[in-house]
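Here the structure comes first, spelled out in structure tokens, and everything after it is commentary.
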Amino acid sequence: MKLDFPRYTERLGAVSIHAVQRIYELDSGKSKGFLTSHQTIKKFDYDEISNLLHDMAIVIPLKEERLKLLEGVLSGIPNECLVIIVSNSPRSPVDRYAMEVETVRLLGRFMDKRIVMIHQRDSAVGSILKKLKYNSILDSTGHVRAGKAEGMVLGLLIAKMYHKDYVGFIDADNYVPGAVNEYVKIFAAGFGMASSPYCNVRISWVFKPKVRNNSLQFSKWGRVSETTNKYLNSLLSSVTGFETDIIKTGNSGEHALSMPLADCLHYSSGYSIEPYEFVDVFEKFGGILPSKYPNVVEKGVEVFQIETRNPHFHEDKGKMHLNHMLEGSLAIIAASSICPSDLKRALRDQISQITGVKKQKKLDHRTRYPLIAPISTVPIAEFAKEVRENAETFYRLGGLK
Numbered sequence: 024m025k026l027d028f029p030r031y032t033e034r035l036g037a038v039s040i041h042a043v044q045r046i047y048e049l050d051s052g053k054s055k056g057f058l059t060s061h062q063t064i065k066k067f068d069y070d071e072i073s074n075l076l077h078d079m080a081i082v083i084p085l086k087e088e089r090l091k092l093l094e095g096v097l098s099g100i101p102n103e104c105l106v107i108i109v110s111n112s113p114r115s116p117v118d119r120y121a122m123e124v125e126t127v128r129l130l131g132r133f134m135d136k137r138i139v140m141i142h143q144r145d146s147a148v149g150s151i152l153k154k155l156k157y158n159s160i161l162d163s164t165g166h167v168r169a170g171k172a173e174g175m176v177l178g179l180l181i182a183k184m185y186h187k188d189y190v191g192f193i194d195a196d197n198y199v200p201g202a203v204n205e206y207v208k209i210f211a212a213g214f215g216m217a218s219s220p221y222c223n224v225r226i227s228w229v230f231k232p233k234v235r236n237n238s239l240q241f242s243k244w245g246r247v248s249e250t251t252n253k254y255l256n257s258l259l260s261s262v263t264g265f266e267t268d269i270i271k272t273g274n275s276g277e278h279a280l281s282m283p284l285a286d287c288l289h290y291s292s293g294y295s296i297e298p299y300e301f302v303d304v305f306e307k308f309g310g311i312l313p314s315k316y317p318n319v320v321e322k323g324v325e326v327f328q329i330e331t332r333n334p335h336f337h338e339d340k341g342k343m344h345l346n347h348m349l350e351g352s353l354a355i356i357a358a359s360s361i362c363p364s365d366l367k368r369a370l371r372d373q374i375s376q377i378t379g380v381k382k383q384k385k386l387d388h389r390t391r392y393p394l395i396a397p398i399s400t401v402p403i404a405e406f407a408k409e410v411r412e413n414a415e416t417f418y419r420l421g422g423l424k
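Per the working numbering, the sequence shown runs over residues 24 to 424.
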């Protein structure tokens with residue numbers, strides 16, 4: 024892969040947010056020495072990418088997706104990666120999870136992949152996490168909450184259990200397997216460029232095509248992404264004093280974290296998890312509030328935003344789904360302790376327009392979007408032992424223990 028180095032970097036305390044980088048070649052071959060001294064282009068040969076992929080897990084949060092889409096996503100993930108599927112699909116009246124397991128089992132005969140599957144609402148998983156005092160991910164019944172973020176965090180715990188250094192997230196509603204393959208290799212390239220062990224790689228889609236008037240329109244931004252990016256940039260600008268538009272990936276479902284960074288972060292519930300990663304990094308490492316992580320502050324946090332070559336085709340889940348995403352994204356920005364009062368007012372106005380509910384003086388965002396504690400608080404060896412012994416839905420393929 025050939026891509027440019029970041030052309031500009033915005034800094035906030037120990038956090039470096041790199042401007043969107045462009046890919047020039049998806050596969051630059053195995054040739055050695057070409058452009059090694061080039062100051063603007065970075066080249067990764069096949070072996071370099073492959074070595075990074077060996078240390079990576081890809082988490083696929085799944086809920087009632089069409090099985091053909093799941094097949095396509097799995098076919099696009101490079102064979103070196105550990106694949107972790109966390110399902111929140113219904114188990115009655117039809118057991119969708121059993122169908123997903125059977126689909127993956129049949130594919131596994133031909134793919135020879137290492138795959139782990141688990142159901143998010145497995146009662147044993149809830150009991151294990153309660154026993155380990157990781158209660159922030161549980162609902163009132165003692166199960167893992169039925170949100171996307173909760174599934175992603177469960178995937179992180181399983182990746183840590185298998186000693187992976189990097190974790191990428193791929194949505195299960197991607198139509199194009201080739202795009203999935205590109206996303207994973209972008210994750211590897213981002214981690215390969217990082218100078219800090221605390222790194223976040225986020226996908227910026229070159230286009231998000233929509234069908235309008237019986238033709239394909241290659242839109243650059245969706246409404247949710249555009250609005251979320253605007254307010255995240257406003258939050259950053261309010262702290263630095265300089266207007267910026269550097270953040271382009273606020274709602275990037277396809278993104279990746281190095282495990283050292285994933286260990287430190289809180290996670291916001293539901294669909295607010297992606298933009299909250301920015302907010303949490305700003306609060307913890309931006310130099311505005313005292314940090315409990317001096318080692319992270321010393322080494323710094325890097326955020327890479329890399330633009331794809333493949334357009335992003337995905338399932339259209341309707342206006343209500345988009346409104347829920349946008350409401351959650353704006354709510355967690357408004358709830359931030361570093362968000363200034365004028366920006367809070369603007370966010371409340373925007374949320375009121377989305378929900379149709381008259382704005383209140385004080386919105387309790389934390390009740391609706393509770394925070395999940397860092398995964399570093401979970402004793403991972405004990406978690407692994409308990410899951411292997413007791414989780415009914417824990418399914419492994421490819422010789423995994």
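The beta-carbon is built from N, C-alpha and C at its ideal position, and this holds for glycine as well.
- Per the coordinates, the alpha-carbon of Lys171 lies some 28 Å from the alpha-carbon of Asp135.
- For Ala279, the enclosing beta strand (DSSP E) has its first and last residue at His278 to Ser281.
- Cβ-Cβ distances below 6 Å link Met282 to Asp188 in the same chain, with the five nearest sequence neighbours on each side left out; the list follows chain order.
- Gln240 counts as exposed, since fewer than 16 other beta carbons sit within 10 angstroms of its beta carbon.
- At the C-beta level, Ala279 and Phe336 stay beyond 9 Å of one another.
- Shortest Cα-Cα distance from Tyr206 to any of Tyr392, Arg332 and Leu155 involves Arg332.
- The residues Lys231, in chain order, have a CB closer than 6 Å to that of Gly245 in the same chain once the five nearest residues on each side in sequence are set aside.
- Listed in chain order, the non-local C-beta contacts of Asn102 below 8 Å within the same chain comprise Met134, Asp135 and Lys136, local neighbours out to five positions each way being set aside.
- Non-local beta-carbon contacts of Leu76 in its own chain, meaning distances under 6 Å to residues more than five positions away in sequence, involve Pro101, Glu103, Cys104 and Ala211 in chain order.
- Gln240: not part of any alpha helix (DSSP H); member of the beta strand (DSSP E) spanning Ser238 to Ser242, first to last residue.
- For Pro397, the number of other beta carbons within 10 angstroms of its own is at least 16, and it is reported as buried.
- DSSP places Gln376 within a helical segment (H, G or I) once states are collapsed to three.
- Beta-bridge analysis with DSSP links Pro232 to Phe241.
- When the Cα atoms are used, Leu92 and Leu85 turn out to be separated by approximately 11 Å.
- One alpha carbon belongs to Glu415, the other to Ile160, and they sit about 19 Å apart.
- In this chain, the alpha helix (DSSP H) harbouring Glu249 covers Arg246 to Thr263.
- Separation of Leu284 and Tyr221 (C-alpha to C-alpha, rounded to the nearest whole angstrom) is 5 Å.
- The three-state reading of DSSP puts His347 in helix, counting H, G and I together.
- With distances taken between CA atoms, Arg144 lies nearest to Tyr120 out of Thr126, Tyr120 and Ser261.
- Residue nearest to Gly174 within the set Asn318, Lys342 and Ser295 is Ser295 (criterion: CA-CA distance).
- Per DSSP, the continuous beta strand (DSSP E) segment holding His142 begins and ends at Arg137 to His142.
- In this structure, the CA atom of Asn204 is about 25 Å from the CA atom of His142.
- Excluding sequence positions up to five before and after Thr32, its CB lies within less than 8 Å of the CB of Ser39, Ile40, His41 and Ala42, all in the same chain and listed in chain order.
- Between the alpha carbons of His186 and Leu152 lies a gap of roughly 19 Å.
- The C-beta of Val224 has 16 or more other C-beta atoms within 10 Å across all chains shown, which makes the residue buried.
- Boundaries of the alpha helix (DSSP H) around Phe406: Ile403 to Asn413.
- Across the structure, Ile361 and Val262 are spaced so that their CA atoms are roughly 8 Å apart.
- Restricting attention to Val229, Leu353, Ala354 and Lys66, the CA atom closest to the CA of Met216 is found in Lys66.
- In the displayed model, Val43 falls within coil according to three-state DSSP, outside both helix and strand.
- Per the DSSP secondary-structure output, Arg391 pairs with nothing in a beta bridge.
- With a threshold of 16 other beta carbon atoms within 10 Å, Gly422 falls short and is exposed.
- Counting along the chain, the unbroken alpha helix (DSSP H) around Lys208 starts and ends at Pro200 to Met216.
- Contact between the region 308 to 322 and the region 249 to 256 is absent: fewer than 3 CB-CB pairs across the two stretches fall below 8 Å.
- For Glu48, the pairing in a beta bridge is given by DSSP as Lys25.
- If you check the CB distance, Ala202 and Pro334 come in under 9 Å.
- By the Cβ-count criterion, Ser227 is buried, with 16 or more other Cβ atoms from all chains shown falling within 10 Å of its own Cβ.
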